[in-house]
Amino acid sequence: MKRAIKLTIGDVVRDRSSKTLGTVSGFAAQPTGNLVALQVTGGIRLVESKDVEMVARRSEPMTNGQAVVAVTVFVLALFLAYLGGHTARQLGADWLLTGLTALGGYMAVSHLYGFARRLVQPRRFRL
Numbered sequence: 021m022k023r024a025i026k027l028t029i030g031d032v033v034r035d036r037s038s039k040t041l042g043t044v045s046g047f048a049a050q051p052t053g054n055l056v057a058l059q060v061t062g063g064i065r066l067v068e069s070k071d072v073e074m075v076a077r078r079s080e081p082m083t084n085g086q087a088v089v090a091v092t093v094f095v096l097a098l099f100l101a102y103l104g105g106h107t108a109r110q111l112g113a114d115w116l117l118t119g120l121t122a123l124g125g126y127m128a129v130s131h132l133y134g135f136a137r138r139l140v141q142p143r144r145f146r147l
């Protein structure tokens, strides 16, 4: 059974038949199978997906705007953790319930941030 590979535009791959490195620049579907468009030194080359081997994933450094959003979400998560724990303590909860309430407030914000990042990241295509 052939294992599917997940690629996104910008990944660095190797063509097994000619041993050339290239950057994925697109995908094409045809009745006989999927093709991967590789940006190589001589231009663009279409290669069958079974002849492609992953070398490196595309990664970009975090921009200043993304860093500001990450820090803001972290501070908001800490504030909601404090607020939840403090409120639970004022209502007479013991230390375990107070800690779990604070943890729940923090995790709720951090998971929402993680889901939002997942939605806006580059899409991977299964070939």
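Read the sequence shown against my numbering and you will find it ends at 147, with the numbers running on by one and no gaps. Cβ atoms here follow ideal geometry from the backbone N, Cα and C, with glycine treated the same way.
Helix or strand or just coil, what does DSSP make of residue i?
| i | result |
| --- | --- |
| Gln141 | coil |
| Met82 | coil |
| Thr52 | coil |
| Ala76 | strand |
| Asp71 | helix |
Assuming residue i contacts residue j under a Cβ cut-off of 8 Å, what Cβ separation, rounded to an integer in Å, is found between them?
| i | j | result |
| --- | --- | --- |
| Ala122 | Gly134 | Contact doesn't hold; Cβ gap of about 19 Å is too wide. |
| Gly53 | Ser37 | Wrong, their Cβ atoms sit about 14 Å apart, outside the cutoff. |
Determine the burial state of residue i: buried for a count of at least 16 other Cβ atoms within 10 Å of its Cβ, exposed for fewer.
| i | result |
| --- | --- |
| Thr61 | exposed |
| Leu103 | exposed |
| Leu58 | buried |
| Gly42 | buried |
| Val33 | buried |
I'd like to check one pair, residue j with residue i: are the Cβ atoms closer than 7 Å?
| i | j | result |
| --- | --- | --- |
| Asp31 | Arg78 | yes |
| Ala108 | Leu117 | yes |
| Val75 | Val67 | no |
Using DSSP's beta-bridge definition, name the partner residues of residue i.
| i | result |
| --- | --- |
| Gly46 | Ala57 |
| Leu66 | Ala57 |
| Thr40 | Asp35 |
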